[in-house]
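These protein sequence lines map, in sequence, to chains A, B, C and D.
321 is the number that the numbering used here gives to position 319 of the first sequence; each next residue is one higher, with no gaps.
92 is the number that the numbering used here gives to position 90 of the second sequence; each next residue is one higher, with no gaps.
68 is the number that the numbering used here gives to position 37 of the third sequence; each next residue is one higher, with no gaps.
117 is the number that the numbering used here gives to position 86 of the fourth sequence; each next residue is one higher, with no gaps.
All C-beta atoms in this analysis are idealised placements derived from N, C-alpha and C, irrespective of residue type, glycine included.
These figures come from a predicted structure and were not determined experimentally.
To start, the structure itself, in C-alpha cells.
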Amino acid sequence: MTMKRLINDPYDVVEEMIDGYVRAHKDYVKVLENDGRVVVSKKAPVKDKVGVIIGGGSGHEPLFLGYVGEGFADAAVIGNINTSPSPEPCYNAVKAVDAGKGCIYLYGNYAGDVMNFDMGAEMAAADGIRVETVLVTDDVVSSENIEDRRGVAGDVFVFKAAAAKADLGGDLDEVKAAAEKANANTRSMGVALSSATLPATGKPIFEMEDGDMEIGMGIHGEPGVRRGKIEPADKVIDQIMDHILADMPLESGDEVAVLVNSLGATPLIDLHICYRRVDQILEEKGVKVHRAYVGPFATSMDMAGMSVTITKLDDELKQLLDHPCDTPYLTIK
Amino acid sequence: MTMKRLINDPYDVVEEMIDGYVRAHKDYVKVLENDGRVVVSKKAPVKDKVGVIIGGGSGHEPLFLGYVGEGFADAAVIGNINTSPSPEPCYNAVKAVDAGKGCIYLYGNYAGDVMNFDMGAEMAAADGIRVETVLVTDDVVSSENIEDRRGVAGDVFVFKAAAAKADLGGDLDEVKAAAEKANANTRSMGVALSSATLPATGKPIFEMEDGDMEIGMGIHGEPGVRRGKIEPADKVIDQIMDHILADMPLESGDEVAVLVNSLGATPLIDLHICYRRVDQILEEKGVKVHRAYVGPFATSMDMAGMSVTITKLDDELKQLLDHPCDTPYLTIK
Amino acid sequence: MGQDYVLNKDYFIDVIKDLIVLAEEKRDYFTGLDSAIGDGDHGINLSIGFREVEKNLEEWAKEDLTTFFRKVGMALLSKVGGSAGPLYGSFFMKFGTPANGKDEVNFQEFYEMFKVAVESIEARGKAVVGEKTMVDALRPGLDAFEKAIEEGLAPKEAFNKFKEAANEGADSTIPLVAKKGRAMRLGERAVGHKDPGAASSAAFIETFYNKLP
Amino acid sequence: MGQDYVLNKDYFIDVIKDLIVLAEEKRDYFTGLDSAIGDGDHGINLSIGFREVEKNLEEWAKEDLTTFFRKVGMALLSKVGGSAGPLYGSFFMKFGTPANGKDEVNFQEFYEMFKVAVESIEARGKAVVGEKTMVDALRPGLDAFEKAIEEGLAPKEAFNKFKEAANEGADSTIPLVAKKGRAMRLGERAVGHKDPGAASSAAFIETFYNKLP
Ligand SMILES: Nc1ncnc2c1ncn2[C@@H]1O[C@H](COP(=O)(O)OP(=O)(O)O)[C@@H](O)[C@H]1O
Ligand SMILES: Nc1ncnc2c1ncn2[C@@H]1O[C@H](COP(=O)(O)OP(=O)(O)O)[C@@H](O)[C@H]1O
Ligand SMILES: [Mg+2]
Ligand SMILES: [Mg+2]
Ligand SMILES: [Mg+2]
Ligand SMILES: [Mg+2]
C-alpha cells in the first residue's frame, strides 16, 4: 500500500516539521540558532526557575515540542523519527534554559534516550550545571519491574507535574521529587489497530493482519501482550483497565487524572466512546476523576489505536496538574 | 478491509460519544435533560449575551461540541454521522441558551442542515425568540457562487469571531455582522488521501485507489476538483494556495489567520510540513500571519488528508480571534 | 371511484413493517448510491429512522391512522436529520391527515394521502422535477396515479401506474446534473448516477403497491 | 607482526565509501530486522548517519586518520541519535586514536584501532556477550582476531577470522532473549530474530575485510 502521508523528501521531515512548527507557533517558541534540534520557549530562561527539558524521538507529536511554553517545558530536544536526540542538543538545551537553578531532563525510558541524554548531562556537568533526570515508566505491560518499563502517554502528566513545580519556584530536588511522585502514580496501556508509516521507507513499521489489534503495543510499534481480532471498544477498555488496576489498585474515594490518548488515526468519536467506559469503571469503584483529557497527546504518527493513562492524585499532584500553562498544544487557564 | 475503529454498536456511536464527552468534560458542558442531542455550556445562558449555537452532523470532532464553553459557543446541536441534527434539538438549544437577546445559528452550508435549523428557528419564532442564521461557505472549490459553497474548517474562525462578538456584549445584529464579515473573508480548501470509515457499514464512504489523492474534497467525502497520485506536500500546498489566493487575493501588508487542519489521520509532522509551505508562500507575498493553528479542528473521522483555511483580518477580526475563550478543544488565554 | 375499495389499518401497518424490512435490506444499496454523489449515508439515515419506528410500532398501532402516521413522521423527522429526515418526516406527518382520525380509508382518501404527502415534500425541499431529487420519482408517480384514476382504472391497476412512473422517474435521474442537495456541487460528475432519494422513494411506493389487496 | 603491512588513508577512505553504499543498500534489511524486535529504524538511522559522512567526506579526507575518524564518529553521534548513534559514534571516535595523528597505520595499530573501538562500545552500552546486541558480533570477532594474530596468521587471514566470528556472532543472536535495548522488553518474543545491531556490525567488519590489500 502506498503511504498516505503529505511530506517532501523523507530525510527532511524532521527539519521541515521544526521549521513549520516555529513558524506556526512563533509567539511561543524559537529554535536555537546554534542547534536546529532544540525548540525553546520564548520565555526561557525564566529567572530563578529550574529549567525543564523534555525530549525524545520525533513521530509522537504533540510530544515533545508541543508542550514547550509558559508554565510547562522550557525546551524540547528533538530526535529523528522514533529515535532519541543526540547528546549535543541535549546539552545545548541546558545551556539555553538554565537560569542558575539547574535543569531537569524528563523523557520516556528507552535505552537510546538514556545514553544520549546522559552524555548531554555529562557535558553540562563539565560546565558546572547540575542536571537531574527522571525517566517516565508508565507502560504497565512493558515489564514486571517498574524501572524497566517504557514511557508512553504518561509523559504528559509527569512532565506537567514537574513543570508546574518548577513554575511554582521549586528547587531542582523538589522538581525531581514531583516528577518521581507523578511517575510512581501513573500507569498507561495502549492498543494498536495498525502500524504507523515510516516516511523513509514509505512502509508500515510492522506488519499487522487486517482486522487485528495488538493490546499493549508501545508507541514505536514495540510488540505488546496479545494480538487478536479487533473487539468492541468496551471490551478493549475492560482489558486495559484490568491491567492498569491490577498494577495500581484504586479504592473508593481515590482521585485520578485520566488521559484517553489517540495514537494518531483514531478519531475523537472513538476516544470518547472509550473514555465513557473508563469513566464507568472508575465510577463503579467510587473513584473520582479530577481532570480528564481526550485526544492526540502522545501519538505514533498515523497509527490507529489509543491508550489509557491513569494518574492517582494527592493534593500536591492535583495542584500541579491544575496549574496554569500556555503552550500550543495544552493550555490551562 | 476491516474497519480500524474502536466502537460498540455502530447505531450507538453518537449517543455513546456524547455520554463520554460530557463525562470527560463535565466542568465545561452538560447535555440537556430533555434532549440528548444538545450539549450546553455550564455557563449558559449567559446574562445579557446573545446565544451562540453551532451544530451539524457528527464525525467532524472536535467540531462542533468541542467548541462549547466560555467565550465560545453556548451550545452545540449534534446530528447523526455526517447528517444534520433534526429540528427539535435545534429548537431546544435556543430554549436552553437564550438570555433574552436572541440567538444565532452558525453552521456549514448544507441543504439538510438548512432545512432542519430553519425549522428549529421557526419553532423558536413561535415562542417569540429571534434566531438569526449565518451559513459558513468557505470551501473555495465547491461552487463558483460563494453562497452555494460548503462550509468546512473555516467554521472555526467564523464561529470564533461571532462568539467573541457576543461575549463582548454585541447585540444579535452585531454578532450576525461579525459572523458574516468573518465568513466573507475566509477561504478553505482540502485534500483527501483516503476515505473515512462509516461505523454503520464498517466501510469507507467512497472508494479511492491506493496512492490517489483528491484535491478539493469536502469533509463528508464529497468529490473535489481533481483526483491524481499523491504528490509531495509542497506541491499539494502550492495548488491549494493557488486556488485560495485566486479566489481571495492578498497583498503585501495584509494580515491573516491560518488554520492547517487535519482531516483525521494525518499526523502533526505532516501538517507542520504543510504549514511551512503555506507560511513561505504568504511570507513571499509580504502577508503577515497574525495567528496560526495546526491540528485536528474539523475532521472527517479517520480520513487521511488536510485542509488550509485563510481568514483575512482587519482590526476587528483580529480582536475577535484573539478574544479569550476556554473550551475543551480550544483555549485562548 | 373505488368507494368499496377500503384500506384498513392492517394494510398500513403491514406496509410500515415492510418498509422497516426494506430500510435494513436496502440500507447498503441506498448508501452506495449516496456515496457516489453525496455523503454515503442515505441508507443509514433511513435505517436509523425505521428502527425508531419499529421500536414503537406496537404502541402506535393502537392509534387512528392520522395519529399513527403523524408519529411515524415525527420519528423520522426527529431521529434522522439530514435531508431525508425533514423530507420523509413531512411526507408521513401529512400522509395520515386525509384519514381524518379514522382507522380505514377509501380509495379516494388513499389518493389524497399521497397527494398531500408528496406536496409537503415539494413544499419542504422546494425542488421541482428535473433537479435530481426524490421529487423526480414522486411527482411523475403521483401524476400518473391521478391520470389513471381519472381514466377509471381499477384501484390496484391505478396504483401500479404510480409505481411504474416512480420507478421510471428514479431511473430518469441518472443522466441528470443535480440542482438540489449535496450532489448539486458535483456538476457534471453527478451524471451517470441514480439519485438515492429518488431510488428510496420509488422503493417506498413499490412497497405500498405490493401489499395492496 | 605485520610491520610491513601498512594501511594508508586511501584504504580507510575506500572502506568508508563502501560503508556509505552499504548503509543505503542494506537500509531496508536492517530496518526490517529492527521492525521485528525493535522500532524499525536501525537501517534508517545508519543511512542518516552515513549520508552526513558522505556530505563531508571530501573535506574530512584531508585530515589525518585520528581527526578523520573523530569527525566520522561525531557525525554519527550527532546526526543519528537513538542507540546506534552513541554506540557507533563512540566506535569511530575512538577508532582513529591509535593512529596517533598519522596518515597510515601498521597492522599492530590496525588491531589496536578495533580493540579500542569495540571496548568503547562495550563501555558505552555496558552490554556483554549473550545479551543480543552488537557486542555479540564485535567481541567474539575481536577475540578471534587477537587469537589469529597471536597464532601468527597473515594479516588478511587474521582479519578474516574477525569477519567470520563476527558473522557467526551475529547469527548467534537469533535464538537469544534480549537483555539490552528495546528488544529486552519482548522476552521470548525476541527469540528467532537476528539482532539488527549485531547484523550491521558484522556487515561493517566484512566491509573492512573486503578492502584489505
Ligand atoms: N431540496 C430537496 N428536495 C427534495 N429532495 C431533496 C432535496 N435535497 C435533497 N433531497 C433528497 O435527499 C436525498 C439525500 O438524502 P440523505 O442522504 O438522507 O440526506 P443528506 O443529503 O443530508 O445526507 C437526495 O438523494 C435527494 O433525493
Ligand atoms: N546497551 C547496548 N549495548 C550494545 N548495543 C546495544 C545496546 N542497546 C542497543 N544496542 C544495539 O542497538 C541496536 C538498535 O539500534 P537502533 O535501532 O539504531 O537504535 P534504537 O534502539 O534506539 O532504535 C540493537 O539491535 C542493538 O544491537
Ligand atoms: Mg529508534
Ligand atoms: Mg448526510
Ligand atoms: Mg446523504
Ligand atoms: Mg531501532
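Three-state secondary structure (DSSP) of residue i
| i | result |
| --- | --- |
| B:Tyr-30 | coil |
| D:Ser-231 | helix |
| A:Asn-147 | coil |
| A:Ser-88 | coil |
| D:Gly-218 | helix |
| B:Ser-43 | strand |
| A:His-344 | For chain A, the structure presents residues 3 to 335; residue 344 of chain A sits outside this window and is missing. |
| C:Gly-80 | helix |
| C:Gly-172 | helix |
| D:Gly-74 | helix |
| C:Glu-135 | strand |
| D:Ile-205 | coil |
| A:Asp-249 | helix |
| D:Lys-57 | coil |
Candidates the options, of which the one nearest residue i by Cα
| i | options | result |
| --- | --- | --- |
| A:Ala-26 | A:Ile-283, A:Leu-67, A:Ser-197 and A:Gly-122 | A:Leu-67 |
| A:Met-250 | A:Ile-9, A:Ile-148 and A:Gln-321 | A:Ile-148 |
| A:Met-19 | B:Gly-297, B:Met-303, B:Ala-306 and B:Thr-301 | B:Gly-297 |
| B:Gly-130 | B:Val-33, B:Gly-102 and B:Val-138 | B:Gly-102 |
| A:Asp-140 | A:Asp-169, A:Ala-127, A:Val-154 and A:Ser-254 | A:Val-154 |
| C:Phe-100 | C:Pro-186, C:Gly-223, C:Glu-195 and C:Phe-43 | C:Phe-43 |
| D:Glu-140 | D:Ile-152, D:Gly-127 and D:Ala-158 | D:Gly-127 |
| B:Lys-287 | B:Gly-73, B:Leu-247 and B:Ser-302 | B:Leu-247 |
| A:Gly-255 | A:Ile-239, A:Asp-281 and A:Val-289 | A:Val-289 |
Partners in chain C for residue i, counting only beta-carbon separations shorter than 8 Å
| i | result |
| --- | --- |
| B:Tyr-112 | Arg-213 |
Partner residues on chain D for residue i, Cβ-Cβ distance less than 8 Å
| i | result |
| --- | --- |
| A:His-62 | By Cβ distance, chain D contributes nothing, its closest Cβ being about 12 Å from A:His-62, past 8 Å. |
| A:Asn-94 | Neighbours of A:Asn-94 on chain D: none; closest Cβ ~11 Å, over 8 Å. |
Beta-carbon neighbours of residue i, restricted to chain A and to distances below 7 Å
| i | result |
| --- | --- |
| B:Val-296 | Ala-26 |
| B:Met-308 | Leu-8 |
| B:Asp-328 | Lys-335 |
Nearest-angstrom beta carbon gap, residue j and residue i [assumed within contact, 8 Å]
| i | j | result |
| --- | --- | --- |
| B:Lys-314 | B:Leu-261 | Not a contact, Cβ separation roughly 13 Å. |
| C:Val-111 | C:Asn-137 | C:Val-111 to C:Asn-137, Cβ: 31 Å. No contact. |
| A:Ala-180 | A:Gly-171 | In fact, because the Cβ distance is near 12 Å, the residues do not count as touching under 8 Å. |
| B:Asn-263 | B:Thr-329 | B:Asn-263 to B:Thr-329, Cβ: 17 Å. No contact. |
| B:Val-96 | B:Gly-53 | 7 Å |
| D:Thr-97 | D:Ala-130 | 5 Å |
| A:Ser-43 | A:Gly-22 | Contact doesn't hold; Cβ gap of about 18 Å is too wide. |
| B:Val-193 | B:Gly-307 | 5 Å |
| C:Ile-47 | C:Ala-221 | Actually they are not in contact, since the Cβ atoms of C:Ile-47 and C:Ala-221 sit about 32 Å apart, beyond 8 Å. |
| C:Gly-71 | B:Ile-207 | 4 Å |
Cross-chain neighbours of residue i in chain D, by beta carbon under 7 Å
| i | result |
| --- | --- |
| A:Arg-228 | Within 7 Å Cβ-Cβ: nothing; A:Arg-228 doesn't reach chain D, min ~11 Å. |
| A:Glu-90 | Ser-109 |
Chain-ordered chain C contacts of residue i [CB-CB under 9 Å]
| i | result |
| --- | --- |
| B:Arg-152 | Arg-213 and Arg-216 |
| B:Met-305 | The premise fails here: B:Met-305 is roughly 12 Å from chain C at the closest Cβ pair, so nothing lies under 9 Å. |
Chain-ordered chain C contacts of residue i [CB-CB under 7 Å]
| i | result |
| --- | --- |
| B:Glu-224 | Asp-70, Arg-213 and Arg-216 |
Contacts of residue i in chain B (Cβ-Cβ under 8 Å)
| i | result |
| --- | --- |
| A:Thr-301 | Pro-269 and Leu-270 |
| A:Asp-336 | Outside the displayed span of chain A (3 to 335) sits residue 336 of chain A, for which this structure offers no information. |
Residues that residue i contacts on chain B, provided the C-beta gap is smaller than 7 Å
| i | result |
| --- | --- |
| C:Asp-59 | Thr-203 |
What residues in the region 7 to 34 of chain B have a beta carbon less than 8 Å from any beta carbon of chain C? Listed by position along the chain: Tyr-13.
Interface residues of the region 116 to 128 of chain D facing chain A [CB-CB below 9 Å]: Listed in sequence order: Gly-116, Pro-117, Leu-118 and Gly-120.
Looking at chain D, which residues of the region 195 to 210 of chain A have a Cβ within less than 7 Å of any of its Cβ atoms? For the region 195 to 210 of chain A, which is checked against every Cβ of chain D, the residues closer than 7 Å are Leu-200, Ala-202, Thr-203, Ile-207 and Phe-208.
Any C-beta of chain C within less than 9 Å: which residues of the region 259 to 288 of chain B qualify? Against chain C - using a Cβ distance shorter than 9 Å - the region 259 to 288 of chain B contributes no residues.
Could you please go through the chain and list the residues whose beta-carbon is closer than 5 Å to any non-hydrogen atom of ligand 8? With respect to ligand 8, the structure shown offers nothing to examine, as its ligands consist of ligand 1, ligand 2, ligand 3, ligand 4, ligand 5 and ligand 6.
When Cβ atoms are compared, which residues of the region 66 to 87 of chain A fall closer than 8 Å to chain D? Cβ contacts with chain D: Gly-81, Asn-82, Ile-83, Asn-84, Thr-85, Ser-86 and Pro-87.
Short-range partners of chain A found in the region 229 to 251 of chain B, where Cβ spacing is below 7 Å: So the close ones are Ile-232, Pro-234, Ala-235, Asp-236 and Val-238.
Proximal residues, the region 77 to 101 of chain C versus chain B, C-beta separation under 8 Å: Listed by position along the chain: Ser-78, Ile-79 and Arg-82.
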